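Undergrad:
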Amino acid sequence: MFDIDKWQEILSTIKKNKLRTVLTGFAVAWGIFMLMVLLGAGNGLSNGVGSNFQGNAINAMWIWSRETSMPYEGFQSGRSIQMKMSDLEAIGEMDNVDKISAQYWIGDRTYAFENEYGSYNTQACHPDYKIVENYQLTTGRFLNEIDMQYGRKVMVIGTDIQEALFKKIDPVGKIIRVGDVPFKIIGVYSEFDPREGTRQGLIPITTAQKLFNSGERIHNIALTTHDISKKESIQVEKDIRNLLAENHKFNSEDERAVGIYNSLEDYVETMSIFSAINMFVWLIGIGTLIAGIVGVSNIMLIVVKERTKEIGIRKALGATPASIVGLVLLESILITALAGYIGMFFGISLMEGVNFLMEQQAQTSVAASGDQGEIRMFMNPTVDLRIAISAMMLLISAGALAGYIPARRAASVKPIEALHDE
186 MFDIDKWQEI LSTIKKNKLR TVLTGFAVAW GIFMLMVLLG AGNGLSNGVG
236 SNFQGNAINA MWIWSRETSM PYEGFQSGRS IQMKMSDLEA IGEMDNVDKI
286 SAQYWIGDRT YAFENEYGSY NTQACHPDYK IVENYQLTTG RFLNEIDMQY
336 GRKVMVIGTD IQEALFKKID PVGKIIRVGD VPFKIIGVYS EFDPREGTRQ
386 GLIPITTAQK LFNSGERIHN IALTTHDISK KESIQVEKDI RNLLAENHKF
436 NSEDERAVGI YNSLEDYVET MSIFSAINMF VWLIGIGTLI AGIVGVSNIM
486 LIVVKERTKE IGIRKALGAT PASIVGLVLL ESILITALAG YIGMFFGISL
536 MEGVNFLMEQ QAQTSVAASG DQGEIRMFMN PTVDLRIAIS AMMLLISAGA
586 LAGYIPARRA ASVKPIEALH DE
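Here my numbering is used: the first residue of the sequence shown is 186, the next is one more, and so on.
Here you go:
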């Protein structure tokens with residue numbers, strides 16, 4: 186394989202037909218270039234849409250009460266449904282339910298710290314709410330079971346409140362007044378998805394029951410499920426609706442009575458669309474590669490035809506069929522590998538360049554507006570290096586196969602027939 190004379194002969198043959206070789210190589214390079222670009226674009230779409238689900242747990246559900254739209258057992262339609270803590274406890278005992286938290290909206294209140302004031306939303310919840318909403322703590326801690334047990338007047342605030350009222354002071358341990366009620370700040374959270382906002386304070390729901398007369402009423406329920414399939418998740422959703430229908434006397438088919446958002450169902454359906462897109466991208470990319478490989482095969486057939494007499498002389502002088510096959514195969518692999526590498530290099534470079542420009546634009550946008558929560562439909566359009574190398578190996582294998590057919594034909598030529606070929 187490392188016979189210098191053989192490589193010199195191959196290079197000499199390529200130089201004699203520069204234009205033909207360049208055009209053949211361009212077809213191969215263009216094929217893998219397009220495959221890299223298509224894969225990068227597909228990954229960019231998938232990453233962009235997938236990032237919009239990362240603001241909350243993927244396996245989360247949110248349940249909220251509304252009004253009935255159907256009469257049921259003597260009750261008229263239009264009746265308001267009000268969920269209670271007993272509903273939360275019953276749902277929490279269901280199979281496949283992992284973390285769960287109630288939500289009780291206290292509403293806007295005036296927050297005051299020293300000489301700083303502001304109006305912010307206040308919400309009561311359970312400790313598991315941090316996991317459901319995927320809150321990230323920048324300092325301090327979140328609510329815990331002891332806070333719940335004793336109904337402590339503690340609060341976790343968002344970064345917006347910290348920046349507005351505390352400036353550069355560490356708020357943990359400080360007292361903030363919500364209306365006329367003092368709360369001790371125990372932590373500061375940031376939202377993974379800033380569109381949801383960090384302009385609210387979170388307090389234990391047991392504290393809200395004592396201070397704001399919420400009683401047993403709750404507005405929403407947020408939960409996560411165990412690692413289950415989409416089908417099992419839909420069944421959990423149905424079980425919750427049936428349980429609430431039984432507790433509050435409404436038709437379980439009345440979807441307006443209780444709203445349920447199942448993020449896992451939405452996520453699986455969205456990602457399945459992008460799986461289909463990725464499959465389509467591969468089909469197009471491989472089709473383009475095949476077109477280039479067919480071009481290599483055709484060129485090698487022409488090369489064999491042009492060198493028929495030469496091959497006949499070689500065989501007459503004792504050249505073995507294996508050496509003839511090897512010569513043609515090496516030329517085919519050389520053209521395919523070199524052109525494929527060039528196409529892969531430019532394809533990956535283009536996607537990395539696009540990614541770099543997008544990141545720079547995103548940072549500039551955040552610096553200018555301060556808005557980190559814009560919906561991104563396209564991000565990180567890069568290609569996995571392992572996939573690129575695998576595609577390259579596939580290309581070289583296909584190039585070898587493309588060269589093997591004309592190589593076998595060359596090896597099967599009889600010397601006497603080759604010498605009489607016109």
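Backbone N, C-alpha and C define an ideal beta-carbon position, used for all residues, glycine too. The structure displayed is predicted, hence computed values, not measured ones.
1. What residue from K434, Q321, L204 and R251 has the CA that sits closest to G372's CA?
2. Count Cβ pairs between the region 536-548 and the region 424-441 that sit closer than 8 Å; are there 3 or more?
3. Going by CA-CA distance only, name the one from A226, G538 and I285 that's closest to H411.
4. Look up K416 in the DSSP assignment and give the residues it is bridged to.
5. Taking its Cβ as the centre, do 16 or more other Cβ atoms sit within 10 Å of F298, making it buried, or is it exposed?
6. Quick check on R294: does DSSP put it in helix, strand or coil?
7. Reducing DSSP to helix, strand and coil, say where G303 ends up.
8. Could you please give me the residues that DSSP links to R402 through a beta bridge?
9. For E258, report the span of its alpha helix (DSSP H) as first-last.
10. If you draw a straight line from the alpha carbon of I419 to that of I291, how long is it in whole angstroms?
11. Name the residue from G472, L535, V317 and A583 whose alpha carbon lies nearest to the alpha carbon of S517.
12. Go through its chain and collect everything with a Cβ distance to A476's Cβ below 8 Å, but skip five positions before and after it.
13. Given that a residue counts as buried once 16 or more other Cβ atoms are within 10 Å of its Cβ, and exposed if not, what is I392?
14. Quick check: the Cα distance between R441 and K359, rounded to an integer number of angstroms?
15. Take D313 and list the residues in its own chain whose beta-carbon comes closer than 7 Å to its own, dropping the five residues that flank it on each side.
16. Looking only at its own chain, which residues have a Cβ that is under 8 Å from the Cβ of L275, when we skip the five neighbours before and after it?
TA: This is what the structure gives:
1. For the purposes of this step, residue 372 is taken as residue 187 along the sequence shown, with counting starting at 1. Among K434, Q321, L204 and R251, the Cα nearest to that of G372 belongs to Q321.
2. no
3. One-based indexing of the sequence shown puts residue 411 at position 226. Checked all of A226, G538 and I285; the closest Cα to H411 is I285.
4. Here residue 416 corresponds to residue number 231 of the sequence shown, with the count starting at 1. Answer is none; K416 lacks a bridge partner.
5. Stepping through the sequence shown from its first residue, residue 298 is reached at position 113. Buried is the call here.
6. Counting from one through the sequence shown, the residue named residue 294 turns up at place 109. Strand.
7. Translated into positions along the sequence shown, residue 303 becomes position 118. Strand at G303.
8. For this step, residue 402 is matched to residue 217 along the sequence shown. According to DSSP, which records beta bridges pairwise, R402 is partnered with K269.
9. In the sequence shown, residue 258 corresponds to position 73, counting from 1. Premise fails: E258 is in no alpha helix (DSSP H) and is neither H nor E.
10. Residue 419 sits at position 234 when you count from the first residue of the sequence shown. Residue 291 sits at position 106 when you count from the first residue of the sequence shown. Straight-line Cα distance between these residues: approximately 31 Å.
11. Your numbering for residue 517 matches position 332 in the sequence shown. The shortest C-alpha separation from S517 is found at A583.
12. Here the question's residue 476 lines up with position 291 in the sequence shown. Short of 8 Å from the beta carbon of A476, and not among the five residues preceding or following it, lie these beta carbons of its own chain, in chain order: A212 and G216.
13. Walking along the sequence shown from the start, residue 392 turns up at place 207. The identity of residue 392 in the sequence shown is Thr, whereas the question assumes Ile. Under this definition T392 is a buried residue.
14. Against the sequence shown, residue 441 aligns to sequence position 256. Against the sequence shown, residue 359 aligns to sequence position 174. Near 43 Å, if we compare the C-alpha coordinates of K359 and R441.
15. Taking the sequence shown and counting its residues from 1, the one referred to as residue 313 is at position 128. Excluding residues up to 5 positions away in sequence, K284, I285 and S286 lie with their Cβ nearer than 7 Å to the Cβ of D313 in the same chain.
16. Residue mapping note: residue 275 aligns to position 90 of the sequence shown, counting from 1. At residue 275 the sequence reads Ala, which differs from the Leu that was named. Taken in chain order, the residues that qualify are L428 and N432.
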